[in-house]
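Read through the structure below, which is laid out as structure tokens, and then see the notes.
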Amino acid sequence: MLNPITVQLPRKKAYSYPIYIGTELLSKMQTHLPKHNSTLVIITDDTVKELYAIALQQFLNKAGHKTLLLSFSAGESSKNGQTKNVLEEAMLAQACDRNSLILAVGGGVVGDLAGFIAATYMRGIDYIQVPTTLLAMLDSSVGGKTSIDTAQGKNLIGAFWQPKAVIADILCLKTLSQEHLVNGLIEAFKMFLTSDAKSLKFLDQNLDRILARDEALLSEVVRRAVSIKAEVVAQDEKDHNLRAILNLGHTIGHALEQLSDYTLLHGYAVALGLLLEAKIAQNRGYLEAQQYYYIKTVLQRLNITAVGLKKFDIEAVIQKTKLDKKKQDGAVQYVLLNGLGSVYVAENQFTHSVDDEMLRNAFSDVVKE
Ligand SMILES: NC(=O)c1ccc[n+]([C@@H]2O[C@H](COP(=O)([O-])OP(=O)(O)OC[C@H]3O[C@@H](n4cnc5c(N)ncnc54)[C@H](O)[C@@H]3O)[C@@H](O)[C@H]2O)c1
């Protein structure tokens, strides 16, 4: 295992935390755990429980820890107040106190939900993210955004609550479906597009072996993406300005995700968003035609093409983007590329208004190609 990446939060040194990326980290978990905790509460979903969490509990019990294993049905539909309540009641029934430590073992659903429980249980306890999907390893486990969904929308209730550490065991990716592997790779592609031309080249050149799950290359993808996220979070923990760059592809992506009733996986929706938003950047003169073509080609290699967009009615997409949380003075805000590895910045702002006509034109250009 290489040295951990550290998220340096300027607020207070104590809020900074390490991100360990490597193999066989689950079996060596006790080496990364603080000594003082009373109960280790492993929160997971039913799938990951069988695959990894039961074994993890056994390792920890053998090392002399008191543990409690709690799980819920896998999937986004569990990320709600009801599941949160059930898990909290179980922790209270087992007399988990303020020194308990939560281990969030699973994908982004587990991480967001268990992180939010940590943020509110007895007014806040420690937790460690143990991501098991690629998306969770390189994105959702880092940065301290925790949340649940409500009938009104995704991630509407939550808190910023940073973990004490992130422990990403690349071996867990062996059992992940190909669809979820690509789902995570799209977020890595997005991060590299915003700020790292070298990593973009690395991803592009090694894509076939990454898709075939070469462990060393997957570790490198996670390491590179996490380094970007850690840097962005360190500079803008509470999402006031720079952190917005992580929303590249998301303004449209979120709209498509909702219009598909969440049958389209988040990453795939973001990928179609990336394509359209890159076209908007090209039409505004920020991105060259060949740079747009490069983005299109990489997505094609992930089997994502404009055919996926044709299922959507652009007027419905426009209406949905208007519900975006990040509107400013009534105008929908977009992150726009101005090159491969950099975003357009004007007056120190990373997001920009895009009117309906621009979105309509970009859509019509992309589906015609
Ligand atoms: N907090 C953040 O900053 C942030 C950022 C991005 C996304 N998110 C959230 O993350 C969630 C999506 O995360 P996700 O894509 O990881 O979904 P997920 O947690 O639902 O996991 C996807 C599926 O993979 C299964 N799984 C997990 N690990 C596995 C493994 N190693 N092998 C086999 N199967 C495994 C899970 O049981 C689940 O069925 C969304 O709720 C989204 O809002 C949060």
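Mapping of the sequence shown onto our numbering: residues 1107 to 1475, in sequence order.
By construction, the Cβ of each residue, glycine as well, lies at the ideal position given by its N, Cα and C atoms.
Do residue j and residue i count as a contact pair if the criterion is CB distance below 8 Å?
i     : j     : result
Y1233 : G1249 : no
L1175 : A1159 : yes
E1343 : L1146 : no
L1157 : T1281 : yes
L1446 : L1277 : no
D1294 : P1237 : According to the sequence provided, residue 1294 is Ala. The question's Asp does not apply to it. Going by C-beta atoms, A1294 is not nearer than 8 Å to P1237.
V1332 : I1111 : yes
L1380 : F1469 : no
S1247 : V1272 : yes
I1401 : Y1374 : no
A1437 : L1405 : no
F1418 : N1347 : no
A1224 : W1267 : yes
Q1163 : I1149 : no
L1279 : L1291 : no
L1241 : N1289 : yes
L1324 : I1334 : no
A1180 : D1151 : yes
Y1450 : A1387 : yes
A1412 : E1475 : yes
I1231 : K1190 : no
What does DSSP give as the partner residues of residue i in its beta bridges?
i     : result
L1176 : I1149
I1254 : I1263
D1275 : G1128
H1458 : Y1440
L1209 : I1148 and I1234
A1384 : BP columns for A1384 are empty, so no partner.
V1449 : L1443
T1239 : Per DSSP, none; premise fails for T1239.
V1215 : Note: V1215 sits in no beta bridge, so no partner.
V1113 : Y1123
Since residue i and residue j are thought to touch, with beta carbons under 8 Å apart, how far apart are those beta carbons, to the nearest angstrom?
i     : j     : result
N1143 : L1193 : Wrong, their Cβ atoms sit about 17 Å apart, outside the cutoff.
I1125 : A1336 : 7 Å
L1393 : L1443 : 5 Å
P1244 : V1113 : Residue 1244 is actually Leu in this sequence, not Pro. About 13 Å separates the two Cβ atoms, so there is no contact after all.
Q1407 : L1313 : First, the residue type needs correcting, since residue 1407 is Arg and not Gln in the sequence shown. With 8 Å as the limit, R1407 and L1313 qualify as a contact, their Cβ atoms being about 6 Å apart.
Y1440 : V1460 : 5 Å
M1135 : F1165 : 6 Å
Y1123 : K1270 : 6 Å
T1048 : T1427 : The chain is shown only over 1107 to 1475; residue 1048 falls outside these bounds and no answer can be derived.
D1302 : R1319 : Not quite, the Cβ-Cβ distance comes to about 22 Å (not below 8 Å), so this is no contact.
Heavy atom of ligand 2 less than 7 Å from the Cβ of residue i, yes or no?
i     : result
N1186 : By its list of ligands, the structure shown excludes ligand 2, since it contains just ligand 1.
Indicate whether the contact test is met: 3 or more Cβ pairs, each with one atom in the stretch 1183–1196 and one in the stretch 1209–1229, closer than 8 Å. Yes, since at least three Cβ pairs between the stretch 1183–1196 and the stretch 1209–1229 fall closer than 8 Å, the two stretches touch.
Does the stretch 1353–1368 touch the stretch 1409–1424, meaning 3 or more C-beta pairs lie closer than 8 Å? Judged by Cβ distances under 8 Å, the stretch 1409–1424 makes contact with the stretch 1353–1368, as three or more pairs qualify.
Is there contact here, the stretch 1290–1305 with the stretch 1249–1261, by at least three beta-carbon pairs under 8 Å? Because the criterion of three Cβ pairs below 8 Å is not met, the stretch 1290–1305 and the stretch 1249–1261 do not touch.
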